[in-house]
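Asks: Numbered according to our numbering, the sequence shown spans residues 173 to 522.
Let me give you the structure first, and then I'll get to my questions.
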Amino acid sequence: MARLMRTPAFREWQWDHRFDPHIAPINHYVDTLRKGAGSDSVPYVPPMYGGVKARLLSVMRDPGPKTQDASGGSGFICMENDDQTAEKICNYFAEVKIQAEDIVPWNAYPWYINRKPTPSELEVGTLPLKTIIDLLPKLCVVMLHGGEAKDVWKRLKRKYPEMSRLRELYAIETYHTSPQAFRHKDPLERERRRTQLADSFKKAGEILQSGKPSVFSTTPDLPKIHTSDGVDMGAEPRISDIPVNMIREVKHVGEAVMTYEGQKNQNISEGVRKSWENPEVREKRRQHHAVRVHRNGTLVGEFSSLYQAFKILDLPVSKHITFRIKLKQVGNLPFSYGNDIYDFEILPPI
């Protein structure tokens, strides 16, 4: 049912549960963007969506007026908002039986401006988009609605080439669901666009129904993440594969407890295997070497280990041990590679 956000009870429930465990990492990041902007212009993602378990990311242009609670909107980016664009995308998803729990919505430019984003603004939108993708370990489909969404995706791949190598994502370029996307003097062209849009949703549904695994679900030795309130976040990536800020956000709504189902790698020596049975050793290994990284003065992100930072950023992994020893001595240290300078800072234990 479309336009549920105009129902007070529905809207209030979404608001009260916007920091539930599955959606908390995303909405805490929204809070970070809001704080940086000094306003509430970045809408939250409602808990009706799949959050960190989502397999489809739907990227639109920028937040519309109905996302702004200050002007009578919901405060959320949501296909249940009380506007025509949201209603159409809601109906398209329903027609191909893609459920909300499989989706996370986002915008090429996540701040409310009520106009077309400029190229420089789309460039700014790449880091938030990359951060959201990093929070979705099961993601396999990205729907790009409209020219700006396609533009920011190209910028993202150019700025973070390692993402294409490390994530198996199927990008579907299509039209926006707003009426403006179908304003054309030729009725045949209007019909062609509608058909292409509908076919894009069908393609997304086929990919999800095929059970295409994410790159993380094929990784061996996956732990499970549980919260103190009993919520099982499923077979998420290893602790070394999750950006440390994601785990930190989970702690806002419940203590994150990492439980290993047993070491599967037969190459591990018996001594190392037994050492994992020591709670103090296990806890220390899980907590050390979390780092925050800036590249040329711009924040790249937080990583749960120096090794993971080197791997994701495509830095020479062979040098990370020597660099780690120096970094532990001083707490923060630059690393030059190519034309870039990476500033590493050790974070306190989680």
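Using N, Cα and C, we set each Cβ at its ideal position, and we do this for glycine too.
Just tell me which of LYS498, ASP234, PRO197 and PRO215 has its CA closest to the CA of ILE285.
Replies: Locating residue 285 in the sequence shown gives position 113, counting from the first residue. Out of LYS498, ASP234, PRO197 and PRO215, ASP234 has the C-alpha closest to the C-alpha of ILE285.
Asks: Pick helix, strand or coil for TRP278, following the three-state DSSP scheme.
Replies: Taking the sequence shown and counting its residues from 1, one reaches residue 278 at position 106. Residue state, collapsed to three classes: strand.
Asks: If you follow the alpha helix (DSSP H) that PHE373 is in, where does it begin and where does it stop?
Replies: Here the question's residue 373 lines up with position 201 in the sequence shown. Its alpha helix (DSSP H) spans residues 359-381.
Asks: Going by DSSP, what residue range makes up the alpha helix (DSSP H) through ALA481?
Replies: Residue 481 sits at position 309 when you count from the first residue of the sequence shown. Where ALA481 is concerned, the enclosing alpha helix (DSSP H) stretches over 478-484.
Asks: Can you give me the start and stop residues for the beta strand (DSSP E) that ASN263 sits inside?
Replies: For this step, residue 263 is matched to residue 91 along the sequence shown. Note, ASN263: premise wrong, no beta strand (DSSP E); alpha helix (DSSP H) at 256-267.
Asks: Mind reading off the beta-carbon distance from PRO277 to CYS250? Whole number of angstroms is fine, and I expect it under 8 Å.
Replies: Against the sequence shown, residue 277 aligns to sequence position 105. Against the sequence shown, residue 250 aligns to sequence position 78. Between CYS250 and PRO277 the Cβ distance is about 7 Å, and since that is below 8 Å, they are a contact.
Asks: Go ahead and label VAL422 buried or exposed: buried means 16 or more other beta carbons lie within 10 angstroms of its beta carbon, across all protein chains shown.
Replies: In the sequence shown, the residue the question calls residue 422 occupies position 250. A caution first: VAL422 carries a pLDDT of 34, below 50, which makes its placement in the model too unreliable to give a value.
Asks: Where does GLN480 land, buried or exposed, given buried means 16+ other C-beta within 10 angstroms?
Replies: Position 308 of the sequence shown, counted from the start, is the residue given in the question as residue 480. That one is buried.
Asks: Mapping DSSP to helix, strand and coil, what is SER508?
Replies: Residue mapping note: residue 508 aligns to position 336 of the sequence shown, counting from 1. DSSP places SER508 in strand when its eight states are reduced to three.
Asks: For THR239, which of VAL224, SER336 and TRP283 has the nearest alpha-carbon?
Replies: Here residue 239 refers to the residue found at position 67 when the sequence shown is read from its first residue. Comparing Cα-Cα distances from THR239 to each of VAL224, SER336 and TRP283, the minimum goes to TRP283.
Asks: Are the beta-carbon atoms belonging to MET315 and VAL231 less than 8 Å from one another?
Replies: As a first step, residue 315 must be located in the sequence shown, where it is residue number 143. As a first step, residue 231 must be located in the sequence shown, where it is residue number 59. Their beta carbons are under 8 Å apart, which means MET315 touches VAL231 by this criterion.
Asks: Report buried or exposed for SER477, applying the criterion of at least 16 other Cβ atoms within 10 angstroms of its Cβ.
Replies: Taking the first residue of the sequence shown as 1, we reach residue 477 at position 305. Label assigned to SER477: buried.
Asks: Classify ARG464 as helix, strand or coil using the three-state DSSP reduction.
Replies: Here the question's residue 464 lines up with position 292 in the sequence shown. The answer is strand: DSSP assigns ARG464 an E or B state.
Asks: Around the Cβ of SER372, are there at least 16 other Cβ atoms within 10 angstroms (buried) or fewer (exposed)?
Replies: Taking the first residue of the sequence shown as position 1, residue 372 is located at position 200. Buried is the call here.
Asks: What number of angstroms, rounded off, separates the C-alpha of GLU361 from the C-alpha of TYR347?
Replies: Walking along the sequence shown from the start, residue 361 turns up at place 189. Walking along the sequence shown from the start, residue 347 turns up at place 175. Rounded to whole angstroms, GLU361 to TYR347 spans 12 Å at the Cα level.
Asks: Just the Cα atoms here: how many angstroms apart are ASP306 and GLY208?
Replies: Working through the sequence shown from its first residue, we reach residue 306 at position 134. Working through the sequence shown from its first residue, we reach residue 208 at position 36. Their backbone Cα atoms lie some 20 Å apart in a straight line.
Asks: What are the boundary residues of the beta strand (DSSP E) that includes TYR342?
Replies: Sequence index remark: in the sequence shown, residue 342 carries index 170 (1-based). It spans 342-346 - the beta strand (DSSP E) in which TYR342 sits, taken as one unbroken run.
Asks: Where does GLY473 sit, in a helix, a strand or coil, going by DSSP?
Replies: Counted from its first residue, the sequence shown places residue 473 at position 301. GLY473 falls in the strand class under three-state DSSP.
Asks: Using 8 Å for Cβ pairs, my map puts PRO289 next to TYR281. What's the rounded Cβ distance?
Replies: Stepping through the sequence shown from its first residue, residue 289 is reached at position 117. Stepping through the sequence shown from its first residue, residue 281 is reached at position 109. Sure, about 4 Å apart at Cβ, within 8 Å.
Asks: Flag this pair as yes or no: are the beta carbons of LEU205 and LEU308 separated by less than 8 Å?
Replies: In the sequence shown, the residue the question calls residue 205 occupies position 33. In the sequence shown, the residue the question calls residue 308 occupies position 136. In this structure, LEU308 does not lie closer than 8 Å to LEU205 by Cβ.
Asks: Quick check: the region 490-497 against the region 324-331, are there 3 or more CB pairs under 8 Å?
Replies: These segments do not touch.
Asks: Say whether the region 249-269 touches the region 173-181, bearing in mind that this needs 3 or more beta-carbon pairs closer than 8 Å, one atom from each stretch.
Replies: A contact exists between the region 249-269 and the region 173-181.
Asks: Give the secondary structure of ASP515 by DSSP, where H, G and I count as helix, E and B as strand, and everything else as coil.
Replies: Taking the sequence shown and counting its residues from 1, the one referred to as residue 515 is at position 343. Strand at ASP515.
Asks: When we look at the beta-carbon of GLN186 and count the other beta-carbons within 10 Å, is it buried (16 or more) or exposed?
Replies: Against the sequence shown, residue 186 aligns to sequence position 14. Burial call: buried.
Asks: Can you tell me which residues form a DSSP beta bridge with LEU176?
Replies: Taking the sequence shown and counting its residues from 1, one reaches residue 176 at position 4. Paired residue(s): none; LEU176 is not in a bridge.
Asks: Could you please give the first and the last residue of the uninterrupted alpha helix (DSSP H) stretch that includes MET525?
Replies: Because the chain spans 173 through 522 in this model, residue 525 falls outside it and cannot be assessed.
Asks: Using a Cβ-Cβ distance under 8 Å, would ARG467 count as near chain C?
Replies: Note that chain C does not occur in the displayed structure, where there is just one protein chain.
Asks: Leaving out the 5 sequence neighbours to the left and right, which residues in its chain are closer than 6 Å to SER350 when beta-carbon positions are compared?
Replies: The residue given as residue 350 occupies position 178 in the sequence shown. Answer for SER350: THR257, listed in chain order.
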